[in-house]
Every structure is written in structure tokens, then in C-alpha cells.
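As you go down the protein sequences, you meet chains A and B in turn.
Just so we're aligned: 210 in the numbering used here is position 210 of the first sequence, and the numbers increase by one with no gaps anywhere.
Just so we're aligned: 142 in the numbering used here is position 142 of the second sequence, and the numbers increase by one with no gaps anywhere.
C-beta: ideal position from N, C-alpha, C; glycine also.
Protein chains: 2
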Amino acid sequence: METTLHSKTKAVIIGPNQPFVMIGERINPSGRKKLGAEMAAGDFSRVRRDAEIQVAAGAQMLDVNAGVPIADEAALLVSAIREIAEVTDVPLSLDSSVAEALEAALAAYVGKALVNSVTGEDERLEMILPLVKKHGAAVIAMANDETGISMEPEYRLSVARKIVQRAQDYGIPPEDIIIDPLALTIAADPQAVQVTLATMRLIRDELGNNMVCGAGNTSFGLPERSYLTAAFIAMARVCGLTCAIADATNPVIGEMIRAGDVMLGQDEYAANWIARYRARK
Amino acid sequence: METTLHSKTKAVIIGPNQPFVMIGERINPSGRKKLGAEMAAGDFSRVRRDAEIQVAAGAQMLDVNAGVPIADEAALLVSAIREIAEVTDVPLSLDSSVAEALEAALAAYVGKALVNSVTGEDERLEMILPLVKKHGAAVIAMANDETGISMEPEYRLSVARKIVQRAQDYGIPPEDIIIDPLALTIAADPQAVQVTLATMRLIRDELGNNMVCGAGNTSFGLPERSYLTAAFIAMARVCGLTCAIADATNPVIGEMIRAGDVMLGQDEYAANWIARYRARK
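Structure below.
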């Protein structure tokens, strides 16, 4: 199954036989007070710079979040999208929990965006899926619901299946649902990643949808996080992960993702790998 | 299934719920002319030093090869084993294609060694398996036979199954057979690693034996090999690889293996990871 996103001029295909897609994660004011204050004041210079840096480092898409407390999130998200479109043409993931912000962003976006995200909660499904359908977007489906986050892979699968079916009722095809099997913090539970990987195998084998993760969650709270996150991504890829929201500028994560492309035959004869090596010399 | 190897004083357990076992690969004169010349001249100082360095870097076992052209391989291998035993107590993998050298080494070794290796060729099986049984050793079973190396995962599985069954005829239990599903060079064939991973999944699901690889083969001929080899190991682990012959002193490979232990819950609450980080600071 392949998911295609596109900006006005550029398409990205996500799929099991495609190079892994990095969705650059830095454009997000949570935990970045300065960025949030600048955005609220109408200064998007840092947003533009971060967008350029992520893309230069290899991000094929960008996640854009404008959740600044008190500010008008819809207006900020629309502004961020327009500013980013001036510096790069990679397709965007529109990241908000506020339906009005998503609606405004989808209306403003030129292309086919990825909506980040919907859960299996009925209320969220009824709010978000009509927007996704109306604007011909794709959407990230989180495998949690009213009951919270289950540690049973079969239950997470059932939530994913419910979202895929409900989306189909709204006329959204399965290839436009990218499932997030939920990556939790290994420091809090030594089984956390095994549960995520088992969920991925089930989703791959039973549903076949593309999958995305906030990969960095797994290493939260530990030192030397890059190696941990990179190891998680490599392992998750052979269980069905086809893209991830990650910081493309992290050299360990970037190299491991590109090395994974070589190993899985998605960078044939290592052409990109060798070209990057030569450019660096 | 768990495989236990031991020296006179130290045991190592290889298994899917154990930390990944690195078998240090540097004690091998192929491609190391100077080392070979020194060994042939009776100078094992570099062998001793390499053994110490590999173990200090995290190798839980050492692969020992004494294949120096013209020299008496059996005598050199026995000497190498004795010299190494004076500097470290990690269990050894005795690496030779010469039955006489393996026989002499097994007779000299105090503990339960890993024999590297036997193939599915009838002649090799009849030569090596009696030695393994006689000395109570374990053995690496390469998934190739008289017909060469198959690119069909099912065929490699059938070779592995044949060796496990033949070993059982000799009274060697399945847990003492560590299967090498064969890792080939991705630069020569973009499907090489996919075939290896598919073979691993079959062997894990159908036979359940531990598996080992010469992981570095996958990145042969390419630049920046550490990331490629490390990505392969991370991916292979979730397909059933439980140990690898690798250079423990390579920082990227070492970190990725330890990060994998954390992610798979084999380093509970990241205790070792955090301890190493603190020691380094």
C-alpha cells in the first residue's frame, strides 16, 4: 500500500518498497518557548530557517505545529504553512489537536497534506474525518481510544482497524490512513518497544497500511538518545514502519535511516549513499 | 532456545531474551599480513592485545582464526587459544576450515567452545559433527551446501534443518547448533539483505535455533561501513539474530548493539546503558 502526499509542486510516496520518509519534527513550539513567542509576535524567521535546515538534512516532509498557548492557533498554523511554502516545496504534515486550526490549515494548504492526527475516539473521528475527506488529505491514525493506550498489541490493532473502517465510511481510502502504533518510553517500561513492534507486525500483516511513529518517544529520559532512537527506527522498519516524525538534523538518526535504505534495497547499489559520501569528502 | 558456551571460569548464554552477544572478530590473520607473520614466528603479543581490546570494548566471546599459509594451523590455533586464556576468560569460537586444526583446538580448549563452522555438505558434516559431539562443543551451521549459496530463503532453511537433524543423529542437541543464515554483500545485490532477513524469520519460526552472522559482509565494498553494518544488525535482531561476529571496538556498531539491548528490554531500565554513560563522563 502506498500513500502519496504532495505540495503544489512536489510529491512524496510513502510505502514499504520506498526509501524511508523522514518527517522533520522541529517546527513545534512545545518545549521551544522562544520559537512560540516569536510565532505569536508574527515573526516566522526561525520557522523558515528550521524548515530549510530540516530539508537540507534530508527531511522529505515537515511536521508543522503552531500550538502556542493563548495565541490563535488557526491563524498561526496558516501563517506558518504560507511562510514554509516560500522556502521549501516538501509536503507538510499539519499537526494540531484543534479541529478549527486543522480546518483553516487544510483550506489554506495547496496540495495534499497529512493531518496529524486522529485517534480511535468516536468524538475525534466524527470531528476530523469529514475534514480529511473534504480536503482530500491523508491522516495519521493513533492506535488509542477512549480507554487510553492499551499494552495489548491486538487491542491497538483493533483500534487501527476501527479507524480504517470508519474512514472508509467517510469515503477515505485505506492508503490515506497512516497508522501510528504508538511508541512509548522504554525507560518507563522495558516491554514498551516490544509491544510497539508486535503491534506493527500485526498491522502490517492484517491491514497493510503505512505506519508512522514519534520515534524519539522511545528514548525519552535517557542519555545518548540518538543511538537509542536510531536503533528503534531500524528495528521498526523491518516490522512495517515506513516513515517517522524525527529530527533530520540528528546525524546518527539520519545516517541510520539512509543506511537502512541501502540494506533494504531501497537505495539500489547504494547510489545515494555513495553520492553523499563523495559530496562530503 | 538458549545456547551456553563457557571457558574454564566464565559462561555466556546466547538466546532471544538475552543481551546480544558480540563475538570479537579481529583475531584472524586473513588480510592482516603482519599478524600472520608474527603468529607463524611464535609471537602472540598482538593476539593477546587484540583479545584484551575486544573484551574491553564489550565482546562477550572471541573468534580465533589461525589460518596462516604454509604454517601448521593446528599448532598455531592451539597456541593462540592458550595465549588468549592467559589474558581473558571469555569463551572462544574456534574458527578453521581444517578438521585437524579444529580437533587439536577442541582437545586443548578448557570449556565448551563454539566450532566455526560446518556447512550442509555431507562430507563436512561427517568430518565436523563427530568432533563437536566428542568434545561437547556447539557449532555454527552455515546454510549453504554442495549446490552453493541459494538466494531462496526456503532452500537455506532446508539446509539448516538438514544440519540440525544430522547433528541430532550424532547426539548433538538443537540448542548447540547456531545457524548462520548467510549475510551477503548488498553492493553486489540489492536484495541480498532482504533474502537474509527472510531466511532468519523462517529459521526463527520453523526451527527456533539461535542465529549468528558475519555482519560486516553486508557492507563490504561500500564507504562508511559502520552505519551500514550497524543498521543490518539492528534489523536482523528483530528477525531472530541473537549474536554476531563483529569488531567490538567499532563505536557505531557497539553503541547500536547496546542501544538495541535497551530497546528490546534486554537491558532492563537501561541500567547498563546509563552506567556506561556515567563511566564515560
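**Message:** Can you tell me which residues form a DSSP beta bridge with B:Ala188?
**Reply:** The partner list for B:Ala188 (beta bridge, DSSP) is empty, contrary to what the question assumes.
**Asked** Hey, does B:Cys243 have any beta-carbon neighbour from chain A nearer than 8 Å?
**Response** With its beta carbon at least 8 Å from every one in chain A, B:Cys243 lies outside the interface.
**Request:** Look at A:Pro130 and A:Ala113 and say whether their C-beta atoms are less than 8 Å apart.
**Result:** No; because the gap between Cβ atoms is not below 8 Å, this pair is not in contact.
**Request:** Assign A:Ser45 to buried or exposed, taking buried as 16 or more other Cβ atoms, counted over all protein chains shown, within 10 Å of its Cβ.
**Result:** Per the 10 Å Cβ criterion, exposed.
**Asked** Does the Cβ of A:Ala85 have 16 or more other Cβ atoms within 10 Å, making it buried, or fewer, making it exposed?
**Response** It counts as buried.
**Beta-carbon neighbours of B:Phe232, restricted to chain A and to distances below 7 Å** = Listed along the chain, the chain A residues whose CB falls inside 7 Å of the CB of B:Phe232 are Met263.
**Message:** For the pair the segment 2 to 9 of chain A and the segment 32 to 41 of chain A, tell me if three or more CB-CB distances fall below 8 Å.
**Reply:** Contact check between the segment 2 to 9 of chain A and the segment 32 to 41 of chain A: fewer than three CB pairs, one atom from each, fall below 8 Å, which does not count as touching.
**Request:** Determine, using beta carbons only, whether B:Val118 and B:Ile53 come nearer to each other than 8 Å.
**Result:** B:Ile53 is positioned such that its CB atom lies no closer than 8 Å to that of B:Val118.
**Request:** List the endpoints of the continuous beta strand (DSSP E) containing A:Arg26.
**Result:** Where A:Arg26 is concerned, the enclosing beta strand (DSSP E) stretches over Val21 to Ile27.
**Alpha-carbon to alpha-carbon, B:Ile186 and B:Leu157** = Spanning the two alpha carbons is a distance of roughly 20 Å.
**Message:** Just to confirm the assignment, what range does the beta strand (DSSP E) spanning B:Ala246 have?
**Reply:** Note, B:Ala246: beta strand (DSSP E), Cys243 to Ala246.
**Asked** Taking the alpha carbon of A:Asp176 as the point to measure from, which residue in A:Arg161, A:Asn209 and A:Leu182 has its own alpha carbon closest?
**Response** If we check each option's Cα against that of A:Asp176, A:Asn209 comes out closest.
**Message:** Quick check on the DSSP output: the alpha helix (DSSP H) that includes B:Asp50 runs from which residue to which?
**Reply:** That run of the alpha helix (DSSP H) goes Ser45 to Ala56.
**Message:** Quick check on the DSSP output: the alpha helix (DSSP H) that includes A:Leu264 runs from which residue to which?
**Reply:** Careful: A:Leu264 lies outside any alpha helix (DSSP H) and carries neither H nor E.
**Request:** Mind checking who B:Leu129 pairs with in its DSSP beta bridge?
**Result:** Answer is none; B:Leu129 lacks a bridge partner.
**Prompt:** Are the beta-carbon atoms of A:Gln194 and B:Leu241 separated by less than 8 Å?
**Reply:** No, the pair does not count as a contact, with Cβ atoms beyond the cut-off.
**Prompt:** Do the segment 20 to 29 of chain B and the segment 267 to 280 of chain A touch if we need at least three Cβ pairs shorter than 8 Å?
**Reply:** Not touching, per the Cβ criterion.
**Request:** Return the first residue and the last residue of the beta strand (DSSP E) that B:Thr147 is part of.
**Result:** Looking at the DSSP string, B:Thr147 is not in any beta strand (DSSP E), and its letter there is neither H nor E.
**Message:** 8 Å is my cut-off, CB to CB: does A:Pro19 come that close to chain B?
**Reply:** By this cut-off, A:Pro19 is not an interface position.
**Request:** Name the residue from A:Glu103, A:Ala270 and A:Ala234 whose alpha carbon lies nearest to the alpha carbon of B:Gln191.
**Result:** Each of A:Glu103, A:Ala270 and A:Ala234 was checked against the Cα of B:Gln191, and the nearest Cα belongs to A:Ala270.
**Prompt:** Which residues in the same chain have their Cβ closer than 7 Å to the Cβ of B:Leu228, if we skip the five residues on either side of it in sequence?
**Reply:** Result list for B:Leu228: Thr218, Ser219 and Leu222, in chain order.
**Asked** Given A:Glu121, which residues of its chain have a CB within under 6 Å of its CB, disregarding the five upstream and five downstream residues?
**Response** Closer than 6 Å at Cβ, skipping near neighbours: Asp145 and Glu146.
**Message:** Below 9 Å on C-beta distance, what does A:Met39 contact in chain B?
**Reply:** Within 9 Å Cβ-Cβ: nothing; A:Met39 doesn't reach chain B, min ~34 Å.
**Prompt:** Whole alpha helix (DSSP H) runs in the segment 64 to 141 of chain B with 4 or more residues, listed along the chain?
**Reply:** Fully enclosed alpha helix (DSSP H) runs of 4 or longer: 73 to 87, 99 to 108 and 122 to 134.
**Message:** Rounded to the nearest angstrom, what separates B:Ala37 and B:Ile70 at their Cα positions?
**Reply:** Their Cα atoms are separated by approximately 11 Å.
**Asked** So, is B:Thr196 buried or exposed, given that buried needs 16 or more other C-beta atoms within 10 angstroms?
**Response** When all chains shown are included, B:Thr196 counts as buried.
**Message:** Please report the distance separating the alpha-carbon of B:Met211 from that of A:Gly148.
**Reply:** C-alpha separation (whole angstroms): 38 Å.
**Prompt:** Just the Cα atoms here: how many angstroms apart are B:Arg180 and B:Ala141?
**Reply:** Note that residue 180 of chain B is Asp in the sequence shown here, rather than Arg. Taking the straight line from one Cα to the other gives about 6 Å.
**Request:** Please decide whether B:Ala57 counts as near chain A, where near means a Cβ-Cβ distance under 8 Å.
**Result:** Output row for B:Ala57: interface = no.
**Prompt:** How would you write the range of the alpha helix (DSSP H) that B:Thr218 sits in, first residue to last?
**Reply:** Taken as a continuous stretch (DSSP letters only), B:Thr218 belongs to no alpha helix (DSSP H), as it is neither H nor E.
**Item:** Contact set for B:Ile172: own chain, Cβ-Cβ below 7 Å, skip 5 residues either direction
**Value:** These residues qualify, in order along the chain: Leu129, Val132 and Lys133.
**Prompt:** Among A:Leu202, A:Ser30, A:Leu102 and A:Lys10, which has the Cα closest to the Cα of A:Met61?
**Reply:** If you compare the alpha carbons of A:Leu202, A:Ser30, A:Leu102 and A:Lys10 with that of A:Met61, the shortest gap goes to A:Lys10.
**Request:** Check each candidate in B:Arg258, B:Arg161, B:Glu268 and B:Asn28 and name the one with the smallest Cα separation from B:Ser97.
**Result:** Nearest of B:Arg258, B:Arg161, B:Glu268 and B:Asn28 to B:Ser97, Cα basis: B:Asn28.
**Reduced DSSP secondary structure (H/G/I, E/B, other) of B:Val195** = Three-state result, B:Val195: helix.
**Request:** Could you list the residues in the segment 181 to 215 of chain A with a C-beta less than 7 Å from some C-beta on chain B, going in chain order?
**Result:** Of all residues in the segment 181 to 215 of chain A, Ile186, Ala187, Pro190, Gln191, Val193, Gln194 and Leu197 have a Cβ within less than 7 Å of some Cβ in chain B.
**Message:** Helix, strand or coil for B:Met283? Go by DSSP, reduced to three states.
**Reply:** A question about residue 283 of chain B goes unanswered here, because the residues of chain B that appear run from 1 up to 281.
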